[in-house]
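S.K.: Protein chains in written order, with the UniProt record's numbering: chain A, 1 to 378; chain B, 1 to 136.
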């Protein structure tokens, strides 16, 4: 039995049931039952059309439960109006699931969990492990999310930007154990790109691929963080980089710039540089200017200050940093870096230690502590 | 087997044995050796089946209490200097209290400046467990 194949079929089947009017939670239960049935029956009797088979079994299961339900009459009316299950049309129902799972009524963490469950076809246990929470906790989070979207109908296209944000959240969660969330996010974004013709979907996919390409070089053998400038560029995945760049170029040629395309452009310029010193910082500053124009995000301004520091010298970088809020995440680290390059080692050391105290993950904290230590002891 | 909590503190606790400066005053190599020691320690306890969980905590903490319904919670502000701050914890599951003491002592001997053990104070707290089920 090909588990990956089953997983790839799940969202489509779920989408058909939801489109036919099944309540999301009930549809999900029915699809799970169909999957269990498939695992039992298929080894001896493989179906000719696996997806159609699953739809038929899941729909029958949904009807069984619906008939037995307290709201029997209402659902039976629904069944009367709907066509009987027949051949499965090749419209992409998965798309509805993306919008359902990224519905604005859900909190980001619920949206992420529901997306992984419904669109990604991951088990609750796998999602729980990836987030290091007990399975029962994750099961509750998912069923609460399902209740939240229970009454939502889909007759208008949702907001692509919201879906992309959810997928980017998944990507940034990294990975642990048997589920690689970054790879999962890439898989889902690829799938979305087939269904939605929007340059920002391509922008996000390119961004993910370009980040992912550097993954092997981002940590040392002892788990310590390796900053971009010190990474072994021979370990970058050139295949992923080439794919990311090509996807980005096609997106950019449509002249509908968005924040993910701009971020991907920055990542592409880094990926393209043979050495850290050969990085085209002037162009990177220009892309950050675009990003600031598009989002007015303080984080984009902070990153822009770093790029300005590289393009025009540390003084210019510090000047770009000056108007920003010192409480921004990573502000102290950026200030420390620019002060060191400007020759002010003691201020830099103090700021690195300050940044270490504010770090939100262990690898980052240890890295910043080492930076402070380096300046304090040399 | 019984579970114990090993607490590392940023400050607070008994007077330190050595007059060790903050981590950022060590050399980067000393910092790395210290971190590696703790990582190896956890890995070894995993292999002996005595490791349960470990987490590091940010030094930024806030005391919060309710100030009655309809009022915002009272916090003590961002001034953390006077608090006994917990730096992180490790939970172990061991056969005896003696074993827990041994492991705590071993963790306390993590290398510091010049590779010398830092002899930091660690707090060891047994977990309270659910009452046993009495079957007649």
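Note that the Cβ used here is the ideal one computed from N, Cα and C, for glycine as well.
When burial is assigned at 16 or more other CB atoms within 10 Å of the CB, is residue 186 of chain A buried or exposed?
M.R.: As a working mapping, residue 186 of chain A is identified with position 186 in the first chain. Buried: at least 16 other Cβ atoms inside 10 Å.
S.K.: Less than 8 Å between CB atoms is the rule here; does residue 162 of chain A satisfy it with respect to chain B?
M.R.: Start at 1 with the first residue of the first chain, and residue 162 of chain A comes out as number 162. Chain B contact via Cβ: absent.
S.K.: Which two residues bound the contiguous alpha helix (DSSP H) that contains residue 24 of chain A?
M.R.: Counted from its first residue, the first chain places residue 24 of chain A at position 24. 24 to 41 is the extent of the alpha helix (DSSP H) around residue 24 of chain A.
S.K.: With the cut-off set at 8 Å, would you say residue 45 of chain B and residue 92 of chain B are in Cβ contact?
M.R.: For the purposes of this step, residue 45 of chain B is taken as the residue at position 45 of the second chain. For the purposes of this step, residue 92 of chain B is taken as the residue at position 92 of the second chain. Yes, these two residues count as a Cβ contact at 8 Å.
S.K.: Report the neighbours of residue 218 of chain A on chain B: residues whose CB is nearer than 7 Å to its CB, in chain order.
M.R.: Looking up residue 218 of chain A in the first chain gives position 218. Residues of chain B passing the Cβ test: none, with the nearest at roughly 17 Å.
S.K.: In whole angstroms, what separates the C-alpha of residue 82 of chain B from that of residue 193 of chain A?
M.R.: What you label residue 82 of chain B is simply residue 82 of the second chain in a count that begins at 1. What you label residue 193 of chain A is simply residue 193 of the first chain in a count that begins at 1. Its pLDDT being 49, under 50, residue 82 of chain B is placed unreliably in this model, and the value from its coordinates should be taken loosely. If you take the alpha carbons of residue 82 of chain B and residue 193 of chain A, they lie about 54 Å apart.
S.K.: So is residue 140 of chain A buried or exposed if we call it buried at 16+ other beta carbons inside 10 Å?
M.R.: The residue you call residue 140 of chain A lines up with position 140 of the first chain. Classification of residue 140 of chain A: exposed, given that the 10 Å Cβ count is below 16.
S.K.: Quick check on DSSP: helix, strand or coil for residue 117 of chain B?
M.R.: For the purposes of this step, residue 117 of chain B is taken as the residue at position 117 of the second chain. Strand at residue 117 of chain B.
S.K.: Quick check: the Cα distance between residue 387 of chain A and residue 332 of chain A, rounded to an integer number of angstroms?
M.R.: Any question about residue 387 of chain A goes unanswered here, given that chain A covers just 1 to 378.
S.K.: With which residues is residue 111 of chain B paired in a DSSP beta bridge?
M.R.: Position 111 of the second chain, counted from the start, is the residue given in the question as residue 111 of chain B. Its beta-bridge partners are B:117.
S.K.: DSSP three-state label for residue 226 of chain A, please.
M.R.: Residue 226 of chain A sits at position 226 when you count from the first residue of the first chain. Coil, per DSSP.
S.K.: Residue 335 of chain A CB to nearest chain B CB: under 8 Å?
M.R.: If you number the first chain from 1, residue 335 of chain A lands on position 335. No, because no Cβ of chain B sits closer than 8 Å to the Cβ of residue 335 of chain A.
S.K.: Would you kindly work out how many angstroms separate the C-alpha atoms of residue 232 of chain A and residue 275 of chain A, rounded to a whole number?
M.R.: Residue numbering aside, residue 232 of chain A sits at position 232 when the first chain is read from its first letter. Residue numbering aside, residue 275 of chain A sits at position 275 when the first chain is read from its first letter. Going from the Cα of residue 232 of chain A to the Cα of residue 275 of chain A covers about 9 Å.
S.K.: Could you name the residues that DSSP lists as bridge partners for residue 125 of chain B?
M.R.: For the purposes of this step, residue 125 of chain B is identified with residue 125 of the second chain, where counting begins at 1. For residue 125 of chain B, which the question treats as bridged, DSSP gives the partners B:5.
S.K.: If we ignore side chains and look at the alpha-carbon of each, how far apart do residue 54 of chain B and residue 282 of chain A end up?
M.R.: Along the second chain, one-based indexing puts residue 54 of chain B at 54. Along the first chain, one-based indexing puts residue 282 of chain A at 282. So the alpha carbons of these two residues sit roughly 44 Å apart.
S.K.: Which runs of the alpha helix (DSSP H), 4 residues or longer, sit entirely within the segment 244 to 299 of chain A?
M.R.: Qualifying alpha helix (DSSP H) stretches, in chain order: 259 to 272, 281 to 295.
S.K.: Return the bridge partner residues of residue 94 of chain B from the DSSP annotation.
M.R.: On the second chain, position 94 is the one that residue 94 of chain B refers to. Note: residue 94 of chain B sits in a beta bridge opposite B:2.
S.K.: Do the CB positions of residue 102 of chain A and residue 145 of chain A come within less than 8 Å of each other?
M.R.: Here residue 102 of chain A refers to the residue found at position 102 of the first chain. Here residue 145 of chain A refers to the residue found at position 145 of the first chain. Not closer than 8 Å, so no.
S.K.: Can you list, in chain order, the residues of the segment 361 to 374 of chain A whose Cβ is nearer than 7 Å to any Cβ on chain B?
M.R.: Answer in chain order: 362, 366, 369, 370, 372, 373, 374.
S.K.: Just to confirm, are residue 248 of chain A and residue 264 of chain A a CB contact at a threshold of 8 Å?
M.R.: Residue mapping note: residue 248 of chain A aligns to position 248 of the first chain, counting from 1. Residue mapping note: residue 264 of chain A aligns to position 264 of the first chain, counting from 1. Result yes, Cβ atoms of residue 248 of chain A and residue 264 of chain A sit closer than 8 Å.
S.K.: So for residue 88 of chain B, helix, strand or coil by DSSP?
M.R.: Numbered from its first residue, the second chain carries residue 88 of chain B at position 88. Strand.
S.K.: Taking 8 Å as the limit between beta carbons, can you name the residues of its chain near residue 160 of chain A, skipping five residues before and five after?
M.R.: In the first chain, the residue the question calls residue 160 of chain A occupies position 160. Hits under 8 Å: 196, 198, 200, 201.
S.K.: Using CA coordinates, which residue listed in B:4, B:1, B:21, B:25 is at the minimum distance from residue 346 of chain A?
M.R.: Start at 1 with the first residue of the first chain, and residue 346 of chain A comes out as number 346. The option with the nearest alpha carbon to residue 346 of chain A is B:25.
S.K.: Helix, strand or coil, according to DSSP, for residue 82 of chain B in the structure here?
M.R.: Start at 1 with the first residue of the second chain, and residue 82 of chain B comes out as number 82. In this prediction, residue 82 of chain B scores a pLDDT of 49, lower than 50, which makes its location untrustworthy; no coordinate-derived value is stated.
S.K.: Alpha carbon to alpha carbon, how far is residue 129 of chain A from residue 54 of chain A?
M.R.: In the first chain, residue 129 of chain A corresponds to position 129, counting from 1. In the first chain, residue 54 of chain A corresponds to position 54, counting from 1. Approximately 27 Å, taken between the alpha carbons.
S.K.: Quick one: is residue 90 of chain B buried, meaning 16 or more other Cβ sit within 10 Å of its Cβ, or exposed?
M.R.: Residue 90 of chain B sits at position 90 when you count from the first residue of the second chain. Residue 90 of chain B should be labelled buried.
S.K.: Using CA coordinates, which residue listed in A:361, A:352, A:358 is at the minimum distance from residue 28 of chain B?
M.R.: Residue mapping note: residue 28 of chain B aligns to position 28 of the second chain, counting from 1. Answer by Cα proximity: A:352.
S.K.: Closest to residue 64 of chain A by C-alpha separation, out of A:95, A:48, A:29, would be which residue?
M.R.: Here residue 64 of chain A refers to the residue found at position 64 when the first chain is read from its first residue. When each option's Cα is compared against that of residue 64 of chain A, the closest is A:29.
S.K.: Is the beta carbon of residue 58 of chain A less than 8 Å from the beta carbon of residue 17 of chain A?
M.R.: Translated into the one-based positions of the first chain, residue 58 of chain A becomes position 58. Translated into the one-based positions of the first chain, residue 17 of chain A becomes position 17. Against a cut-off of 8 Å, the Cβ pair of residue 17 of chain A and residue 58 of chain A comes out as a contact.
S.K.: Use the C-beta contact count for residue 137 of chain A: other C-beta atoms within 10 angstroms, 16 or more gives buried, fewer gives exposed.
M.R.: Stepping through the first chain from its first residue, residue 137 of chain A is reached at position 137. Residue 137 of chain A comes out exposed.
S.K.: Would you say residue 24 of chain B reaches chain A, if we count a Cβ-Cβ gap shorter than 8 Å as a contact?
M.R.: What you label residue 24 of chain B is simply residue 24 of the second chain in a count that begins at 1. So, interface residue.
S.K.: Determine the DSSP secondary structure at residue 119 of chain A, reduced to helix, strand or coil.
M.R.: The residue you call residue 119 of chain A lines up with position 119 of the first chain. Here residue 119 of chain A sits in coil by DSSP.
S.K.: In three-state DSSP terms, what is residue 89 of chain A?
M.R.: Stepping through the first chain from its first residue, residue 89 of chain A is reached at position 89. Residue placement at residue 89 of chain A is flagged as unreliable, the pLDDT there being 49, under the threshold of 50; a coordinate-derived value is accordingly withheld.
S.K.: According to DSSP, which residues form a beta bridge with residue 54 of chain B?
M.R.: Translated into positions along the second chain, residue 54 of chain B becomes position 54. Note: residue 54 of chain B sits in a beta bridge opposite B:90.
S.K.: Take residue 237 of chain A and list the residues in its own chain whose beta-carbon comes closer than 6 Å to its own, dropping the five residues that flank it on each side.
M.R.: Counted from its first residue, the first chain places residue 237 of chain A at position 237. The residues are 213.
S.K.: Determine the closest residue to residue 97 of chain A out of A:344, A:370, A:167, with distance taken between C-alpha atoms.
M.R.: One-based indexing of the first chain puts residue 97 of chain A at position 97. Of A:344, A:370, A:167, the residue nearest in Cα terms is A:167.
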